[in-house]
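Student: Taken in order, the sequence shown gives residues 362 to 855; the numbers are from the working numbering.
In this text, a Cβ means the ideal position worked out from N, Cα and C, and glycines have one as well.
I have a structure here, written as structure tokens, and I will follow up with some questions on it.
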Amino acid sequence: MTNGVIYDNIVVGAGYGGLVAAALLAKGGQKVLLLEGHTVPGGCASFYSRRGVIFDAGATTLSGMATGQPMQRLFSELGIEPEVKKLDPGMIIIFGERKLTRHADLEKWIAETEGFFKLPGLREFWELVHKIDRVGYELIGKNDKLPPTSLGDLISLAKPSNLKGLPLIPYLFRSVEAVLKKHGLADDPLFRSFIDEQLLITTQNTADDAPFLTAALGLAYPAETYYPYGGLFFPAKEIERKFKAFGGKAEYKKRVTGISTIHDGYTVKTTDGSEYKTRGVVTNIPLWNIPEIVDGKMKAHFNSILPKTENAWGAFMVNFAVDHPFDEDIETAYWQIHVPEGVPHCESKSFFVTFSLADDSRKAPAGMKSVTISLHTKPENWQGITREEYGRRKAETGNFIINKFNVAFPSLREQKKSYIDFGTPQTFERYTSRYQGLVGGVPHSVSNNLLKMSSGVTPFRNFYNTGDTVFPGQGTVAVTIGAMNIAKRILDKG
Ligand SMILES: Cc1cc2nc3c(=O)[nH]c(=O)nc-3n(C[C@H](O)[C@H](O)[C@H](O)COP(=O)(O)OP(=O)(O)OC[C@H]3O[C@@H](n4cnc5c(N)ncnc54)[C@H](O)[C@@H]3O)c2cc1C
């Protein structure tokens, strides 16, 4: 039952979106309650542990950390310094026997791709990618009223420093494929599969339909990749610690089951029968989850703006610990392994591997590595089947991936692997409550570009949305940008 306290804002969900919004609102002097259904914060960027080994729930890479970029700005605004390490190479991509090393330095990277793919036009292509990445981040940093939702927002965008963004606008509507064609790069199958698999883990789409503007930020990200010690849960925990230091209150194992309008705000109900009063609500759950917890006009509104689920993805996960009794550490933490023939019950033609670093004693004891593997699958591959068939598919997919891992990393083939776990979209649905286990947000496409994404501002008084299904979308950096913008809007209103 309600304890008589009236909050300024209740934040529903403690993923990166909810944590960032909650911390900034509390820092701005608001009385904030953060309600999370799970036992710990972090959502898709959270963790689980097995006897001293920490495994990532989903997300592993940290980016947006260069000076002026969103994560750096957030950490500095909150006064936190999570322990991170810039990786160079930021990623290594394996194609059978061949290795492509994603150097941080642009010249080295261009030379690497020219040597590997032997195609003309690569220099111009990568220079364009990095230019758009640079200008894109600069504009995001200078404009917190994105996407514009009112005349006032539009006016705030009309400033001279935004003029350099004008040449970028056509790339919102131009596919990566069109740009590849212009540079004579569209028809090489190897380069195309490299680009498609890089885009799938960033824009959640492939070259034929991914808009070049957001794709460029995705293609450039491995040049500026950071490894968070202990996993992405640790920066999340730091944000939560600051939230509490600013007077915020976080309650766990409190899944929100209902939000109703009252004359001066909302009542929020949770699974355990608690009821809270608040003037405002910030949701950090996928838009698809909102209709089930609101009623009346709100339900009708959210049902009318739901992004298409058929374009969205689920994830298949493989986690295990592997003995690593070698003196020399692995070359980098992040790897993408191409599997041209495909993976059973999955749509990706590659899988993404994250190793804990040797000096990361939070994640695994000396001589052992925590390994997280993820790839894209459709929830339908795991629905409408018997428990036996579900178990069979899960084992088939997981064992297939471990076999491919052993081929890609021959020195680890004979090493002992323990705590092996496989996860499907149903696992995500169970632990994060995300509708159908859909993760990674809404794919960016030419027809459904950034401007068409829900802004997070709703027609309902003091009711906002954050998270990866609203602008600007996928990944912890984009989710952080969205949450920072929403918190600013709320605080500006006073
Ligand atoms: C396999 C995988 C790999 C990824 N890799 C990366 C990566 O390397 N780098 C990167 O930046 N991003 C990555 N991402 C994307 C990134 O994890 C997400 O975009 C981001 O973490 C989403 O944050 P969010 O706040 O929008 O939502 P979530 O993380 O889903 O958080 C939502 C929270 O709300 C809670 N919740 C749900 N319903 C309720 C309710 N009714 N009441 C209370 N609480 C509720 C959930 O338990 C959860 O904690 C990856 C995602 C996946 C799945």
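Quick check: what's the CA-CA separation for Ile654 versus Gly545?
Tutor: On the sequence shown, position 293 is the one that residue 654 refers to. On the sequence shown, position 184 is the one that residue 545 refers to. Each residue's alpha carbon lies about 50 Å from the other.
Student: Just verifying my parser: in three-state terms, what is the DSSP assignment at Pro443?
Tutor: In the sequence shown, the residue the question calls residue 443 occupies position 82. If DSSP states are grouped into helix, strand and coil, Pro443 belongs with coil.
Student: Just how far apart, CA to CA, sit Gly579 and Thr586?
Tutor: Here residue 579 corresponds to residue number 218 of the sequence shown, with the count starting at 1. Here residue 586 corresponds to residue number 225 of the sequence shown, with the count starting at 1. The alpha-carbon atoms of Gly579 and Thr586 are separated by roughly 11 Å.
Student: Does the segment 835-845 come within contact of the segment 365-382, defined as at least 3 CB pairs closer than 8 Å?
Tutor: These segments touch.
Student: Compute the Euclidean distance between the alpha carbons of Gly398 and Asn650, then round it to the nearest angstrom.
Tutor: Here residue 398 corresponds to residue number 37 of the sequence shown, with the count starting at 1. Here residue 650 corresponds to residue number 289 of the sequence shown, with the count starting at 1. Whole-angstrom Cα-Cα distance: 13 Å.
Student: If you follow the alpha helix (DSSP H) that Asn764 is part of, which residue opens it and which one closes it?
Tutor: Residue mapping note: residue 764 aligns to position 403 of the sequence shown, counting from 1. From DSSP, the alpha helix (DSSP H) with Asn764 extends over Arg748 to Ala769.
Student: Considering Cα atoms alone, identify which of Leu773, Glu757, Glu475 and Leu648 is closest to Asp690.
Tutor: Indexing the sequence shown from 1 puts residue 690 at position 329. The candidate whose alpha carbon is nearest that of Asp690 is Leu773.
Student: Ser735 and Tyr582 - do their beta-carbons sit closer together than 7 Å?
Tutor: Locating residue 582 in the sequence shown gives position 221, where the first residue counts as 1. Locating residue 735 in the sequence shown gives position 374, where the first residue counts as 1. No, the Cβ-Cβ distance between Tyr582 and Ser735 is not below 7 Å.
Student: Verify the contact flag: Glu307, CB atom, against every heavy atom of ligand 1, threshold strictly below 6 Å.
Tutor: Residue 307 lies beyond the range of the chain shown here (362 to 855); nothing can be said about it.
Student: Could you give the DSSP three-state label for Asn823: helix, strand or coil?
Tutor: For this step, residue 823 is matched to residue 462 along the sequence shown. In the structure shown, Asn823 sits in coil (DSSP, three-state: anything other than H, G, I, E or B).
Student: According to DSSP, is Asn370 helix, strand or coil?
Tutor: Position 9 of the sequence shown holds residue 370. Note: Asn370 maps to strand in three-state DSSP.
Student: Around the Cβ of Asn826, are there at least 16 other Cβ atoms within 10 angstroms (buried) or fewer (exposed)?
Tutor: On the sequence shown, residue 826 is found 465 positions in, with the first residue counted as 1. Result: buried.
Student: Is it a yes or a no for the segment 656-668 touching the segment 629-645, going by three-plus beta-carbon pairs under 8 Å?
Tutor: Contact between the segment 656-668 and the segment 629-645 is absent, because fewer than three Cβ pairs lie under 8 Å.
Student: With C-beta atoms as the reference, is Ala465 less than 7 Å away from Ala584?
Tutor: What you label residue 465 is simply residue 104 of the sequence shown in a count that begins at 1. What you label residue 584 is simply residue 223 of the sequence shown in a count that begins at 1. Against a cut-off of 7 Å, the Cβ pair of Ala584 and Ala465 comes out as a contact.
Student: So, with DSSP's three-state summary, where would you put Ile837?
Tutor: For the purposes of this step, residue 837 is identified with residue 476 of the sequence shown, where counting begins at 1. The sequence shown places Thr at residue 837, not Ile. Three-state result, Thr837: helix.
Student: Bridge partners for Thr733 per DSSP, in chain order?
Tutor: Here residue 733 refers to the residue found at position 372 of the sequence shown. DSSP lists Asn680 and Thr715 as partners of Thr733.
Student: Beta strand (DSSP E) containing Ser424: first to last residue?
Tutor: For the purposes of this step, residue 424 is taken as the residue at position 63 of the sequence shown. Taken as a continuous stretch (DSSP letters only), Ser424 belongs to no beta strand (DSSP E), as it is neither H nor E.
Student: Flag Arg553 as yes when its Cβ comes closer than 6 Å to any non-hydrogen atom of ligand 1, and as no otherwise.
Tutor: On the sequence shown, residue 553 is found 192 positions in, with the first residue counted as 1. No, ligand 1 has no heavy atom inside 6 Å of this Cβ.
Student: Checking 7 Å against the spacing of the C-beta atoms, do Phe604 and Ala384 come in under that value?
Tutor: Working through the sequence shown from its first residue, we reach residue 604 at position 243. Working through the sequence shown from its first residue, we reach residue 384 at position 23. A contact, by the Cβ cut-off of 7 Å.
Student: Determine, using beta-carbon pairs with one atom in the segment 795-806 and one in the segment 560-568, whether at least three such pairs fall under 8 Å.
Tutor: The segment 795-806, when compared against the segment 560-568, does touch it at the 8 Å Cβ threshold.
Student: Which class does Gly641 belong to by DSSP, given the choice of helix, strand or coil?
Tutor: To locate residue 641, count along the sequence shown from 1; it is residue 280. Looking at Gly641 - three-state DSSP - the assignment turns out to be strand.
Student: Roughly how many angstroms separate the alpha carbons of Arg723 and Val401, rounded to a whole number?
Tutor: To locate residue 723, count along the sequence shown from 1; it is residue 362. To locate residue 401, count along the sequence shown from 1; it is residue 40. Answer to the nearest angstrom: the Cα atoms are 17 Å apart.
Student: How is the alpha helix (DSSP H) around Met659 delimited, first residue to last?
Tutor: As a working note, residue 659 is residue 298 in the sequence shown. Gly657 to Ser665 is the span of the alpha helix (DSSP H), which, as asked, contains Met659.
Student: Counting C-beta neighbours from all protein chains within 10 Å, is the total for Gly609 16 or more, i.e. buried, or is it exposed?
Tutor: Here residue 609 refers to the residue found at position 248 when the sequence shown is read from its first residue. Buried.
Student: Can you give me the C-alpha to C-alpha distance between Phe478 and Leu541, rounded to a whole angstrom?
Tutor: The residue labelled residue 478 in the question sits at position 117 within the sequence shown. The residue labelled residue 541 in the question sits at position 180 within the sequence shown. Between Phe478 and Leu541, the C-alpha separation is close to 14 Å.
Student: Is the closest heavy atom of ligand 1 to the C-beta of Ala547 under 6 Å?
Tutor: One-based indexing of the sequence shown puts residue 547 at position 186. No, the Cβ of Ala547 stays beyond 6 Å of every heavy atom of ligand 1.
Student: With DSSP as the reference, please indicate the residues paired to Thr738 in a beta bridge.
Tutor: Indexing the sequence shown from 1 puts residue 738 at position 377. Paired residue(s): Gly675.
Student: Kindly identify the DSSP beta-bridge partner or partners of Leu546.
Tutor: Here residue 546 refers to the residue found at position 185 of the sequence shown. None; Leu546 has no bridge partner.
Student: Assuming Glu577 contacts Gly497 under a Cβ cut-off of 8 Å, what Cβ separation, rounded to an integer in Å, is found between them?
Tutor: Residue mapping note: residue 577 aligns to position 216 of the sequence shown, counting from 1. Residue mapping note: residue 497 aligns to position 136 of the sequence shown, counting from 1. Reading the sequence as shown, one finds Ala at residue 577 and not Glu. Their Cβ separation, rounded to whole angstroms, is 7 Å, which keeps Ala577 and Gly497 in contact under 8 Å.
Student: Can you find a C-beta in chain C that's less than 7 Å from the C-beta of Gly376?
Tutor: Reference to chain C is not applicable here, since this structure consists of a single protein chain.
Student: Are the CB atoms of Phe783 and Val679 nearer to each other than 7 Å?
Tutor: Mapped onto the sequence shown, residue 783 falls at position 422. Mapped onto the sequence shown, residue 679 falls at position 318. Against a cut-off of 7 Å, the Cβ pair of Val679 and Phe783 comes out as a contact.
Student: My assumption, with CB atoms under 8 Å, is that Val831 sits in contact with Gly817. Please give the rounded CB distance.
Tutor: Taking the sequence shown and counting its residues from 1, the one referred to as residue 831 is at position 470. Taking the sequence shown and counting its residues from 1, the one referred to as residue 817 is at position 456. That belief holds up - the Cβ atoms of Val831 and Gly817 are roughly 4 Å apart, short of 8 Å.
Student: Rounded to the nearest angstrom, how far is the Cβ of Phe573 from that of Ser536, given a contact under 8 Å?
Tutor: Against the sequence shown, residue 573 aligns to sequence position 212. Against the sequence shown, residue 536 aligns to sequence position 175. The Cβ separation is near 7 Å, so the contact holds.
Student: Taking its Cβ as the centre, do 16 or more other Cβ atoms sit within 10 Å of Thr793, making it buried, or is it exposed?
Tutor: The residue you call residue 793 lines up with position 432 of the sequence shown. By the 10 Å Cβ count, Thr793 comes out buried.
Student: Please name the residue, chosen from Gly752, Lys777 and Ile600, that lies closest to Thr788 on a Cα-to-Cα basis.
Tutor: To locate residue 788, count along the sequence shown from 1; it is residue 427. Among Gly752, Lys777 and Ile600, the Cα nearest to that of Thr788 belongs to Gly752.
Student: Strictly by DSSP, which residues pair up with Tyr695?
Tutor: As a first step, residue 695 is located in the sequence shown; it is residue number 334 there, counting from the start. For Tyr695, which the question treats as bridged, DSSP gives the partners Thr715.
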